Amino acid sequence: MASLSFSNSVLFVLCIFAIAFSEANLNKDFQITWGDGRAKILNNGELLTLSLDKASGSGFQSKNEYLFGQIDMQLKLVPGNSAGTVTAYYLSSKGSTWDEIDFEFLGNLSGDPYIIHTNVFSQGKGNREQQFYLWFDPTADFHTYSVLWNPQQIVFSVDGTPIRKFKNLESKGVPYPKNQPMRIYSSLWNADDWATRGGLVKTDWSQAPFTASYRNFKANACVFSSGASSCSSHSASSSTSGANSWLSQELDSAGEEKLKWVQKNYMIYNYCTDAKRFPQGTPQECKIA
Ligand SMILES: *[C@@H]1O[C@H](CO)[C@@H](O)[C@H](O)[C@H]1NC(C)=O
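If you use mature numbering (1 follows the signal peptide of the UniProt record, and there is no 0), the sequence shown corresponds to residues -24 to -1, 1 to 265, in order.
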């Protein structure tokens, strides 16, 4: 009896490890889409790398489509002289009235700050850029970049610190992404015509290949397949606080304070305060938020 329950618990523990292992496997969630060998999934699915040289960049996309989610990925950006390079990491639906939630990381000369560029498209319309510096060197180590996308809002976070919030203001006539499933996409490419100091600093190809790395993908999300969406929660922490709590999650007061701190100290561009760009007045969501 005792030995039976012992082996049962060993089996149980093995199963837990098997689940944890398969969840950490990037091969399960992503596929390389372009770059002719420049993108690689390594170490049994623990690590994904994209590279860029003069001939080509590279990219990958998620196998699943998601309709809402709390989506975390750790990225380590191109180190050294990354001027001219752009690492894009975003969610997007398809078609001419697509929705999109964007992170783009604009490289720089060694020691000069990356810019983290964000945008939100709803029904094919973007023009909602906000840009930030970071409070650490994003090339020295992996950091977690997250999108919380639920029916109430979209929150962009870095290492758990919210940097941007886009509220659902449909009631005020602002289209909100909520009907079109999105895939996750990422790519590393050359954009030296605009990326670094507005295109002044060009890519130094003697530094190529440039490499960005990804690991520890985690999605508590609703996976969309054959016309229906099924929501699942994989993390122990969210099951203790109720499965799918992220679906109704909003920033608490500590989160709002952190968001203010980032926006005050690290935001370098905000479309909402760019009056020159919007001579007829800034977009509706800027007047409310
Ligand atoms: C690069 O560094 C320069 C000088 O510090 C800075 O003005 C710029 O915002 C930085 N980032 C990019 C992507 O140009």
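C-beta atoms are modelled at their ideal positions from N, C-alpha and C, and glycine is treated no differently.
Quick caveat, the model's predicted, so the values are computed rather than measured.
Return yes when at least one heavy atom of ligand 1 lies under 7 Å from the C-beta of T115, else no.
-> No.
K30 beta carbon less than 8 Å from that of A184 | Against a cut-off of 8 Å, the Cβ pair of K30 and A184 comes out as a contact.
Residues near F118 in its chain [Cβ-Cβ closer than 8 Å; skip 5 each side] | Counting only residues of its own chain and dropping the five nearest sequence neighbours on each side, F118 has a CB closer than 8 Å to the CB of Q50, L51, K52, S189, R191, N192.
With C-beta atoms as the reference, is A59 less than 8 Å away from T179?
-> Contact: yes.
Cα-Cα, which of V62, I17, A15, G33 is closest to G175?
-> Nearest C-alpha to G175: V62.
Grab me the residues of S122's own chain with a C-beta within less than 6 Å of its C-beta, minus the 5 sequence neighbours each way, in chain order.
-> Residues of the same chain with a CB within less than 6 Å of the CB of S122, apart from the 5 flanking positions on each side, are D48, S133 in chain order.
Return the Cβ separation of E41 and R159 in integer angstroms, given the expectation that the two are a contact with Cβ distance under 8 Å.
-> Yes, they are in contact, since the Cβ atoms of E41 and R159 sit about 5 Å apart, within 8 Å.
Rounded distance between the beta-carbons of Y242 and Q106, thought under 8 Å = So it is not a contact: roughly 10 Å between Cβ atoms.
Is the stretch 135 to 145 close to the stretch 19 to 36, with three or more CB pairs under 8 Å?
-> Put simply, the stretch 135 to 145 does not touch the stretch 19 to 36. Fewer than three CB pairs are less than 8 Å apart.
Just curious, the alpha helix (DSSP H) that S182 is in, first and last residue?
-> Careful: S182 lies outside any alpha helix (DSSP H) and carries neither H nor E.
How about G11 and G45: are their beta carbons less than 8 Å apart?
-> Against a cut-off of 8 Å, the Cβ pair of G45 and G11 comes out as no contact.
With DSSP as the reference, please indicate the residues paired to Y65 in a beta bridge.
-> The beta-bridge partner set that DSSP reports for Y65 consists of F79, S162.
Hey, could you find the ends of the beta strand (DSSP E) N241 is sitting in?
-> Annotation: N241 is outside any beta strand (DSSP E); the continuous alpha helix (DSSP H) that includes it extends over 229 to 241.
Thinking just about the alpha-carbon of each residue, which of S98, H93, P89 is nearest to the one in W111?
-> Nearest option by C-alpha distance: P89.
Secondary structure of Y90, DSSP reduced to three states = Coil, per DSSP.
Looking only at its own chain, which residues have a Cβ that is under 6 Å from the Cβ of A195, when we skip the five neighbours before and after it?
-> The beta carbon of A195 sits closer than 6 Å to the beta carbons of G45, I47 from its chain, once the five residues preceding and following it are set aside; these are given in chain order.
Excluding the 5 residues preceding and the 5 following L43 in the sequence, name in chain order all residues of the same chain whose CB lies nearer than 7 Å to its CB.
-> These residues qualify, in order along the chain: P157, C198, F200, S205.
Verify whether the separation of the beta carbon atoms of P151 and S72 is less than 8 Å.
-> For P151 and S72, no; Cβs fall outside 8 Å.
With 16 other CB atoms within 10 Å as the buried threshold, where does S213 fall?
-> Legend: pLDDT at S213 = 49, less than 50; position of this residue unreliable, value from coordinates given subsequently. Counting Cβ neighbours within 10 Å, S213 comes out exposed, since fewer than 16 surround it.
Do G149 and Q37 have their C-beta atoms within less than 8 Å of each other?
-> At the C-beta level, G149 and Q37 stay beyond 8 Å of one another.
Just to check, is the beta-carbon of T172 closer than 7 Å to a non-hydrogen atom of ligand 1?
-> At least one heavy atom of ligand 1 is nearer than 7 Å to the Cβ of T172, so yes.
For L28 and L164, believed in contact at Cβ under 8 Å, the rounded distance = Yes, they are in contact, since the Cβ atoms of L164 and L28 sit about 5 Å apart, within 8 Å.
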